[in-house]
Amino acid sequence: RPWARGLAQPLGFLEHKGWIYTAQRGELTRMKDSDGDGSADTFETVCDAWDISGNYHEYNFGPRMDKEGYMWITLNKPFGGQPYADPEIKQAHWRGWAVRVHPETGEMFPMAAGLRSPAGVEDSPWGDIFYTDNQGEWCNASKLSHLEFGDYHGHPWGLPTQTLAGEPFDSIPQPVSGTWMKDMHLQIPQFKMPAVWFPYDKMGKSPSGLRWDRSEGQFGPFSGQLFVADQHHATVMRVVLEQVDGHWQGACLPFREGFQCGIIRICFGQDASLFVGMSNAGWGGRGNRPWGLQRLRWTGKTPFEIHEMKAQPDGFTLSFTEPVHVESASDPKNYRMESYTYRLESRYGGPEDDKKELKITKAVVSEDRTRVRLHVDALRAGYVHELHIEGVQNQSQQPLLHGEAYYTLVRIPKTTHL
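Numbering follows the working numbering, in which position 98 of the sequence shown is assigned residue number 180; successive positions increment by one, without gaps.
Next up, the structure:
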């Protein structure tokens, strides 16, 4: 039985004080079942301070609540013509922005600019907000980014709206196409690098919903890590984050594939299973169904996987879900690594640029055999460091389920850490 009807492309739900909040195309709405008959009968507009031009691409994502009790929404930019727009700036207001809204008063606050197609937004266990963005113009590779007030994430579409936002946004200039993203802060101080790049086709094509595993081990060995869905590849990926010199960065790794179609949203249930909501409406993706809802449960068996990948001043530390076979794990020839980066460009997508093979000089296994310290020549800040492991086994001499990891090394740590 439907609980609510007549919603315009709701792409997120959040329960708060007895209400269900959802971001529709034109507003943040809250709903409740006031008479207890199993269907929503009270609908209230909380905020509709952004514009709709009539373009098909004007999706809204969220809401998610931050540690101060505000609800965050990410607004898709149009793609193509805008039938109705502000005649002075020739754009619909606030498209390509992240905003936050007071859940009671409905007051909206612009928080970050430069978003493209920010199909997922999520609050972390410590209360910060992160979002996923899709590869395209001014976004050469899909990414996960940390959202903070005053950030600029690279797409120029929403910049005309900054005249309405005031400080610190009113000083953001147009970016110069072709600039290395690692150097963009020299041109635009508000520019923020991603936390994680998802290399195109290797780690999906269209990242969408994301959720932290807060199950304390009920979902398996990856408690505290972030799971990110991909609409095109119909996959769920893992992300391991750490903060280095004030910037969030980390690695993305394969997790599960083969869902029945493109994944839009994921959510953990009360039993710590992962619900996976899917649709291929509007965009094609892998799988043989137009839509679906599937549930992923942990069987209780721990796979042999890379558990974490953490940066060091001269390489990386890998941890594993099981103790490794020392001889295989200590052989540097069983590891391959290359690094590459991206430019900020006006064209649609872009290649892995400035590629370089890196030499792994030493692999040192820890005493408990659950960690390997890789010593790598010539780490490069602002580059993805792509790792492939072939030949490393556990103590039963079984190979890794997935032997790939992609670490976005925005900043190189100054000191060694565990």
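Glycine included, every Cβ here is placed at the ideal spot set by N, Cα and C.
For residue i, three-class secondary structure by DSSP
i	result
A46	The requested residue 46 is not part of the displayed model; the chain covers only 83 to 500.
T245	helix
M275	coil
P414	helix
M263	helix
D252	helix
T403	coil
V446	strand
C349	strand
P192	strand
G291	strand
F304	coil
M285	coil
R320	strand
Start-to-end residues for the alpha helix (DSSP H) that takes in residue i
i	result
S410	408–411
H505	Any answer about residue 505 is impossible in this case: the structure gives the chain only from 83 up to 500.
Q269	266–269
Residue i, buried or exposed, once every other Cβ within 10 Å from all chains shown has been counted against 16
i	result
T124	exposed
V466	buried
G367	buried
P395	exposed
A201	buried
L375	exposed
K274	buried
W220	buried
D450	exposed
K383	exposed
E150	exposed
F341	buried
T490	buried
C-alpha distance - residue i paired with residue j, whole-angstrom precision
i	j	result
E434	E387	26 Å
A501	G240	As displayed, the chain neither begins before 83 nor continues past 500, which places residue 501 out of reach and without an answer.
L308	A354	14 Å
V458	E324	19 Å
N142	L157	5 Å
G88	R112	13 Å
N476	L482	8 Å
L469	I155	34 Å
G397	F337	24 Å
Q256	W330	25 Å
Y234	G118	45 Å
V474	S421	21 Å
Proximity below 8 Å, CB of residue i to CB of residue j
i	j	result
V310	L400	no
Q272	G332	no
G286	S361	no
G196	H237	yes
M495	A445	Correcting the residue identity first, residue 495 is Pro in this sequence and not Met. No, they are not a contact pair.
W294	P385	no
F357	R379	no
H98	P192	no
H389	Q479	no
V322	I345	no
S135	A174	yes
C129	G178	no
Boundaries (first-last residue) of the beta strand (DSSP E) holding residue i
i	result
L440	435–440
G374	373–378
N216	Looking at the DSSP string, N216 is not in any beta strand (DSSP E), and its letter there is neither H nor E.
R451	From DSSP, R451 is part of no beta strand (DSSP E); its letter is neither H nor E.
G328	Run containing G328: none; DSSP gives neither H nor E here.
N476	From DSSP, N476 is part of no beta strand (DSSP E); its letter is neither H nor E.
C129	124–129
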